[in-house]
Amino acid sequence: MQIRHLRVQNFRGLASLDWKPGQSFCCLIGAGDSGKSSVLDAVEAALSSRWFTFSEPDFLNCDTTKAIIVEATIGELSKALKSDERLGLYIRGWTAAGELRDEPEDDDEPVLTVRLTVDATMEPVWELVCERVDDPRTLSNRDRALFGLVRLAGEDARHLAWGQGSVLSRLTGDTKEAAGRLADAYRAARASAKLDEIESLAKAAELAEGFAKGLGAYVEGSYEPGLELGRSGLSSGSIALHDSGVPLRLAGLGTRRLATLAIQKSAISEGAIVLVDEIEHGLEAHRIIGAIAQLKADQIKATQARKPVGQILMTTHSDVALAEAGADCLRVIQTARPSRATTIAKPESPDPIRALMRFTPRALFARRILVTEGYTEIGMLLGLRENWPPRHANKPIEQLGVAIADGNGEQACAMALSLASLGYTTEIYRDSDTAPSAANVAALADAGIPVFEYGGGLNTEQAIFTVASDALVQELLEYARFERGDGLVDDNLATKIDDLSVEIIRGNFEDWEIFTALDGPQLRAAIADVACGKAAKDKKDKKPWFKDQRIGRGLAPMVWRIAAEAPESPLATALAEAEAWLYA
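Note that my numbering numbers the sequence shown so that position 486 is 486, with each residue one more than the last.
Below you can see the structure in the form of structure tokens.
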């Protein structure tokens, strides 16, 4: 099963949402309080077989005069849903263009629309709706179970025991034998229960172990059914999964969550709709990557086998999880203030977002993003940002929901435009040695994206060296030698300024003019050409001095002093404009 269309009204912080996921794997991200978890809650409320209890806080602004409506249109229907004569009258059509119609045509995908309505009485009503049928059909919890919903939120350990409604019970089938054995074993509980001898329980435990290992849960020995005393007396719910004698509910949070998800997902044979809220809880980076990779691999296998693929809707605050999910799966949720109207957008062109995920995926969790042109600029700005808080009530930019991202050179404009289309407030910081195309200039202006640059055809190295004092030029040279080596720096300078020897170049910069016809500005221009890699004759020596995020960051203290000494310079002006935008 897959959600083709989701419509939500007046539910918690969502005044309105109209969303077509459009993919079998969607990774939802957004700023805090944007409604990510509420979207999953709405889906669960509409499709889960559980009975939900609603109260005033579930209504937008606690206003019970406006009914909660959650409407989910489901495609990739299971055989049970398509063959059930009771539901057949309500089959609708989903077109290739992503439109819904009540009278399905031959090329349409058959879909069903579930509507959950909650009014001031707080009594939820689940119905199948179709405009061509006068009366909606009320759905029971057994009907809703056919939609194959799995939800992992926080820590739900109930599926690690053979209790009422747990997935282990579904895997096992008939539990009468287990209940009888428990009654007989009351007095000598653990010694005489011998639950591992009950074939159905042992088989379910074995299956659960395989599913859990597949998602990266740690298994110390082997899974087996075991008795837990002191938990609401003795009942079928007292039988729980154990790992080498230890109840699985006592395992680490990450292992419990992965095991729970794996067991739930495995119990649905025809494409489960899986909701995962913040997959990173309790998991190390490698297990986050492994779990997401396995979930995606399962979908690929199902596609290749021409089986129902199902759907995964996942939220995350982890850049590791986001990078593993990939740009194609990215969905960004934005909720407007004060209307609380919510939108979920996907990248119009994934390529620029792929570049951002490769270099600075964490930036996507910000509200406002400054896109820099390359390694030198991002490193420099990341270093400079450490000097800004004292001038802004001691607030770092991160507290304002702002991030600085690597624009990967020529992709900076495309990246900023793509981010803007996803709802981010964006600006570009770039040097001016190459002019952007007229088309990019027009597109940036139309999108309201400011561009801060030095002007005058200056690149960053030129903007720095042309206004640096003699002492700071000397300091810059020494820093470059420390990071890149004397040979790369001094030999290339001697090649560029042919009337200066390496020995003189290694001396004080303020003495260079004695030995050459070049004046101070000309010498600075020559150094800048070498620093940005333009002057090297041998390709192997064409290495920019500061084109490295770490080295650019180490450059920042010198740039800060240069800008302070030359406040009217293009360098200082561009940096001041960027700082003002970041703190706006």
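Where is the CB? At the ideal position from N, CA and C, for every residue including glycine.
With a threshold of 16 other CB atoms inside 10 Å of the CB of residue i, please say whether the residue is buried or exposed.
{"i": "E76", "result": "buried"}
{"i": "S78", "result": "buried"}
{"i": "P390", "result": "exposed"}
{"i": "S140", "result": "exposed"}
{"i": "G487", "result": "exposed"}
{"i": "G448", "result": "exposed"}
{"i": "C532", "result": "buried"}
{"i": "G457", "result": "exposed"}
{"i": "K496", "result": "buried"}
{"i": "L500", "result": "buried"}
{"i": "D41", "result": "buried"}
{"i": "T121", "result": "exposed"}
{"i": "L182", "result": "Low confidence applies here, because L182 scores a pLDDT of 46, under 50, leaving its location unreliable and the question unanswered by this model."}
{"i": "D174", "result": "Note that D174 scores 48 on pLDDT, short of 50, meaning its location in the model is unreliable and no value can be drawn from it."}
{"i": "G221", "result": "exposed"}
{"i": "G552", "result": "buried"}
{"i": "P347", "result": "buried"}
{"i": "W126", "result": "buried"}
{"i": "P21", "result": "buried"}
{"i": "G252", "result": "exposed"}
Taking the CB atoms as reference points, tell me whether residue i and residue j lie closer together than 7 Å.
{"i": "D328", "j": "P350", "result": "yes"}
{"i": "P352", "j": "L322", "result": "no"}
{"i": "L14", "j": "T342", "result": "yes"}
{"i": "V502", "j": "D490", "result": "yes"}
{"i": "G409", "j": "G374", "result": "yes"}
{"i": "A574", "j": "F452", "result": "yes"}
{"i": "A259", "j": "A293", "result": "no"}
{"i": "W94", "j": "I344", "result": "no"}
{"i": "A366", "j": "G401", "result": "yes"}
{"i": "Y429", "j": "A578", "result": "yes"}
{"i": "W545", "j": "R484", "result": "yes"}
{"i": "F54", "j": "V118", "result": "yes"}
{"i": "R132", "j": "D107", "result": "no"}
{"i": "L116", "j": "V70", "result": "yes"}
{"i": "I273", "j": "G98", "result": "no"}
{"i": "A384", "j": "E427", "result": "The question names Ala, but residue 384 is Leu in the sequence shown. The answer is no: Cβ separation not under 7 Å."}
{"i": "M558", "j": "L472", "result": "yes"}
{"i": "L582", "j": "M380", "result": "no"}
{"i": "S569", "j": "V467", "result": "yes"}
{"i": "Q334", "j": "G423", "result": "yes"}
{"i": "V114", "j": "A72", "result": "yes"}
{"i": "I397", "j": "L382", "result": "no"}
{"i": "R287", "j": "L28", "result": "no"}
{"i": "S24", "j": "V309", "result": "yes"}
Which residue or residues does DSSP assign as beta-bridge partners of residue i?
{"i": "T335", "result": "T342"}
{"i": "P436", "result": "Paired residue(s): none; P436 is not in a bridge."}
{"i": "V274", "result": "V150, I312"}
{"i": "Y429", "result": "T372, F452"}
{"i": "C62", "result": "For C62, which the question treats as bridged, DSSP gives no partner whatsoever."}
{"i": "A405", "result": "V371"}
{"i": "D243", "result": "Y223, V246"}
{"i": "T138", "result": "E127"}
{"i": "I29", "result": "V332"}
{"i": "Q549", "result": "Paired residues: none, contrary to the question."}
Does the beta carbon of residue i come closer than 7 Å to any beta carbon on chain C?
{"i": "A291", "result": "Looking at the structure shown, chain C is missing, and only one protein chain is on hand."}
Using the three-state DSSP reduction, which class does residue i fall into: helix, strand or coil?
{"i": "G290", "result": "helix"}
{"i": "N394", "result": "coil"}
{"i": "R181", "result": "For R181, the predicted model reports a pLDDT of 49, less than 50, meaning its position is unreliable; a value from the coordinates is still stated below. Here R181 sits in helix by DSSP."}
{"i": "E377", "result": "helix"}
{"i": "E348", "result": "coil"}
{"i": "A15", "result": "strand"}
{"i": "C329", "result": "helix"}
{"i": "S24", "result": "coil"}
{"i": "V219", "result": "coil"}
{"i": "I279", "result": "coil"}
{"i": "L422", "result": "coil"}
{"i": "N387", "result": "helix"}
{"i": "L382", "result": "helix"}
{"i": "V559", "result": "helix"}
{"i": "L295", "result": "helix"}
{"i": "R50", "result": "coil"}
{"i": "V530", "result": "helix"}
{"i": "Y186", "result": "Any reading at Y186 needs caution, since the residue's pLDDT is 40, under 50, leaving its predicted position unreliable; the model's value is listed next. DSSP places Y186 in coil when its eight states are reduced to three."}
{"i": "V8", "result": "strand"}
Going by the C-beta, is residue i closer than 6 Å to any heavy atom of the ligand FAD?
{"i": "D33", "result": "The ligand content of the structure shown is nil, which means the ligand FAD is not present either."}
**Message:** Ignoring anything shorter than 4 residues, give me the alpha helix (DSSP H) runs that lie fully in the region 451 to 500, in order along the chain.
**Reply:** Uninterrupted alpha helix (DSSP H) stretches at least 4 residues long and entirely within the region 451 to 500 occur at 460 to 465, 470 to 484, 492 to 496, given in chain order.
**Prompt:** In chain order, which continuous runs of the beta strand (DSSP E) of length 3 or greater are located wholly inside the region 70 to 129?
**Reply:** 92 to 94, 109 to 118, 124 to 129
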